Amino acid sequence: MSEQIYYDIECEINGEKIKKQVPSNITLLNFLREYLKLTGTKEGCGKGECGACTVIMNGKAVNSCLVPITQVNKAKILTIEGLSNDEQLHPIQEAYIKAGAVQCGFCTPGFIMSTKALLDEKPEPTREDIKKYLAGNLCRCTGYEKIFEAVELAAKSLKKK
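In structure tokens, the structure reads:
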């Protein structure tokens with residue numbers, strides 16, 4: 015019988031400094047959901063193929079199910095919970111609602127976080143940019159057209175601010 019190894023983690027999640035001791039064999043996804051109770055990030059496939067678990071880590075969209083907790087130390091992470099402030103939705107969230115791009119909602123947090131990373135990198139993306147950037151996010155409910163429209167709407171909305 016092997017003994018569990020623990021790892022001391024220090025990071026920033028949604029602007030809050032976090033310091034915890036956790037098992038060294040968990041993923042960022044497990045850490046967020048089980049240890050911090052941030053359940054907006056979903057586990058779809060657990061293999062990095064669906065994008066439901068997408069968060070932004072050090073400015074880049076990542077599949078949190080593939081990130082070992084040992085790579086999270088000193089990282090800055092943004093989850094869907096940290097996107098809005100107080101009761102005000104982020105313009106990207108508002109655009110998804112306005113465009114009707116939410117469907118069942120299971121994949122929506124991952125799409126929104128990928129959209130945030132895209133618009134941070136390319137504030138005026140082309141439709142091809144959007145398709146390329148969101149290629150790692152899967153939705154079983156839609157043909158993606160409303161999602162693409164939501165990203166374009168969000169880009170316009172953020173440009174006005």
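Take 15 as the starting number for the sequence shown in the numbering used here and just add one per residue.
Here a beta-carbon is modelled for each residue, glycine too, at the ideal position from N, C-alpha and C.
Remember, predicted model here, so these are calculated numbers, not experimental data.
Range covered by the beta strand (DSSP E) that runs through residue i
i, result
"GLU30", "30–37"
Range of the contiguous alpha helix (DSSP H) that encloses residue i
i, result
"THR122", "122–135"
"GLU23", "A small fix is needed here, since residue 23 is Ile in this sequence, not Glu. Unbroken run through ILE23 is the beta strand (DSSP E), 20–27; no alpha helix (DSSP H)."
"TYR110", "105–113"
"LYS170", "159–174"
Cβ-Cβ separation, residue j to residue i (assumed contact under 8 Å), whole Å
i, j, result
"CYS118", "CYS59", "With 8 Å as the limit, CYS118 and CYS59 do not qualify as a contact, their Cβ atoms being about 16 Å apart."
"GLY65", "GLY124", "4 Å"
"VAL76", "PHE45", "13 Å between Cβ atoms; not a contact."
"VAL69", "MET127", "6 Å"
"ALA168", "ALA109", "4 Å"
"LEU172", "LEU133", "6 Å"
Bridge partners - residue i, DSSP secondary structure assignment
i, result
"LEU92", "ILE70"
"GLN102", "ASN99"
"ALA149", "BP columns for ALA149 are empty, so no partner."
"THR9", "The shown model of the chain, from 15 to 175, leaves out residue 9, and the question about it has no answer."
"VAL76", "VAL69"
"THR41", "PRO82"
Own chain, CB closer than 8 Å to residue i, minus 5 neighbours either side, in chain order
i, result
"THR41", "SER78, CYS79, LEU80, VAL81, PRO82 and ILE83"
"ILE32", "ILE23, GLU24, CYS25, GLU26 and LEU50"
"LYS74", "ALA131"
"ARG141", "PHE162 and GLU166"
Own chain residues within Cβ distance below 7 Å of residue i, not counting five before or after
i, result
"LYS160", "ALA113, GLY114 and ALA115"
"SER38", "ILE19, TYR20, TYR21, ILE83 and THR84"
"THR129", "ILE106, VAL165 and ALA168"
"ASN28", "LEU92, THR93, GLU95 and GLY96"
"GLY62", "ASN77, CYS79 and LEU80"
Other residues of its chain near residue i: CB distance less than 6 Å, five sequence neighbours each side excluded
i, result
"ASP143", "LYS136"
"CYS153", "CYS121"
"LEU97", "HIS104"
"GLY150", "GLY65"
"PHE162", "ILE144"
*Examine the Cβ distances between the region 84–97 and the region 48–59 and report whether three or more of them are shorter than 8 Å.*
yes
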